[in-house]
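Enquirer:
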Amino acid sequence: MKLTLATAVALLIAFAAYLAFGPRPANVKIQSQWQANRYVLEKYLRSNQSSGNRGPQVVLVGSSLAERLGFDDLDGCVYNMALSGESMLTGLEAIVKSGHQPKQVYVEINVLGRKANGPLVEKAGGFLPRVSALFHTENMPINLVFSAFASGRKGPSVDSIEPGIFQAALQSKRGIYAQPLPEATLQISLSELKNAIAILEKRGTQIGFFEMPVNPELENSVQATQIRTAFRKAFPEAPIIGVDELGKGQAIHTIDGIHLDPKEAAGVSSNLRTAIGLKCSAKQKPI
1251 MKLTLATAVA LLIAFAAYLA FGPRPANVKI QSQWQANRYV LEKYLRSNQS SGNRGPQVVL
1311 VGSSLAERLG FDDLDGCVYN MALSGESMLT GLEAIVKSGH QPKQVYVEIN VLGRKANGPL
1371 VEKAGGFLPR VSALFHTENM PINLVFSAFA SGRKGPSVDS IEPGIFQAAL QSKRGIYAQP
1431 LPEATLQISL SELKNAIAIL EKRGTQIGFF EMPVNPELEN SVQATQIRTA FRKAFPEAPI
1491 IGVDELGKGQ AIHTIDGIHL DPKEAAGVSS NLRTAIGLKC SAKQKPI
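For any residue, its number in the working numbering is found by taking its place in the sequence shown, counting from 1, and adding 1250.
(1) Given this structure, state the Cα-to-Cα distance separating T1504 from Y1294, to the nearest angstrom.
(2) Quick one: grab the DSSP three-state call for V1259.
(3) Here's the rule: buried if 16 or more other CB atoms are within 10 angstroms of the residue's CB, otherwise exposed. What is Q1456?
(4) Counting only the same chain and skipping the five closest in sequence on each side, list residues whose C-beta sits under 8 Å from that of P1406.
(5) E1358 by DSSP, collapsed to three states: which one?
(6) When you compare each of L1431, G1454, A1446, L1333 to S1471 by their alpha carbons, which one comes out closest?
(7) Thinking C-beta only, is A1419 closer than 8 Å to G1507?
(8) Would you kindly report the start and end of the unbroken beta strand (DSSP E) that includes G1458?
(9) Note the first and the last residue of the continuous beta strand (DSSP E) segment covering L1310.
(10) Roughly how many angstroms separate the alpha carbons of L1468 and I1438, rounded to a whole number?
(11) Over the uninterrupted beta strand (DSSP E) stretch that includes N1330, give me the two end residues.
(12) Tell me whether G1454 is buried or exposed, calling it buried when 16 or more other Cβ atoms sit within 10 Å of its Cβ.
(13) Here's the rule I'm using: 16 or more other beta-carbon atoms within 10 Å means buried, otherwise exposed. How should K1452 be labelled?
(14) Is there contact here, the stretch 1362-1382 with the stretch 1343-1350, by at least three beta-carbon pairs under 8 Å?
(15) Any idea which residues DSSP pairs I1490 with across the strands?
(16) Rounded to a whole number of angstroms, what is the C-alpha to C-alpha distance between T1475 and D1511?
(17) Can you give the Cα-Cα distance for G1527 and F1460, rounded to whole angstroms?
(18) Helix, strand or coil for I1411, going by three-state DSSP, please let me know.
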């Protein structure tokens, strides 16, 4: 028993030394969507722990549609906390529970009907990830191996999708977006959203909304129109940065009907930067 415990302690010390001084993969790659989302939340939640870093001044929250937007070059000024498989409510819950006060939060409105993922936020903000890098998601041994392996390989391009595959994906999305969300589900999500926004506004955070461009065949579908109308009714005074403004200067095709390809995402990111008028007062440390 003592030998086993001593071995475990020795391995932990060796692993901690590697994390502190050893070589790291050039890029972080995570093995699962759930862990990737936890990694994004962890990075945000620990961004204010250091006295030299006040955390991002502008935060984006949303779903996998906005997750593709790039702001990594802004040195911590803007943090994209949009999460695959989630809605804006999970990101908002993370900000609310953290006690942070970003200057601005921009909310992607495309996806409603998904509850805030409380267990994910709790895990990301737990005691162990806060006190030691040993317990950061990106430092899990399997993720370190995955990152090292993936960093040395060129992945398949998603700039374009085989036409047959794209049409099948688009047809599937047509069926989904032709159906309205249940009114009760819609109202519950809007109620939770209003509560989170009220808390952040009380802290002095400014809230904005934006709608991600999708394939034109889905832009005015039953569900997209329902959500857009519900937002305008729920927040009549709040301006929404719309799809025309974000898609300006390019033809939006997407890879599956709703997710932008890299070139489209770069264009939409640029348009969003212009639309929100980024004015970070000082460079932040990357998080």
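For each residue, glycine too, the CB sits at the ideal point set by N, CA and C.
Because the structure is a prediction, the values reported are computed rather than measured.
Expert: From the atom records:
(1) Looking at the two C-alpha atoms, the distance is approximately 28 Å.
(2) With a pLDDT of 47 at V1259, under the threshold of 50, the predicted position of this residue should be treated as unreliable, and no value is reported.
(3) exposed
(4) For P1406, the predicted model reports a pLDDT of 48, less than 50, meaning its position is unreliable; a value from the coordinates is still stated below. Closer than 8 Å at Cβ, skipping near neighbours: no residue.
(5) strand
(6) Nearest in C-alpha terms to S1471, of all of L1431, G1454, A1446, L1333, is L1431.
(7) yes
(8) 1456-1460
(9) 1308-1311
(10) Distance between the alpha carbons of L1468 and I1438: 24 Å.
(11) 1328-1330
(12) Counting Cβ neighbours within 10 Å, G1454 comes out exposed, since fewer than 16 surround it.
(13) exposed
(14) yes
(15) Within the DSSP secondary-structure output, I1490 pairs in a beta bridge with F1459.
(16) When the Cα atoms are used, T1475 and D1511 turn out to be separated by approximately 23 Å.
(17) 13 Å
(18) coil
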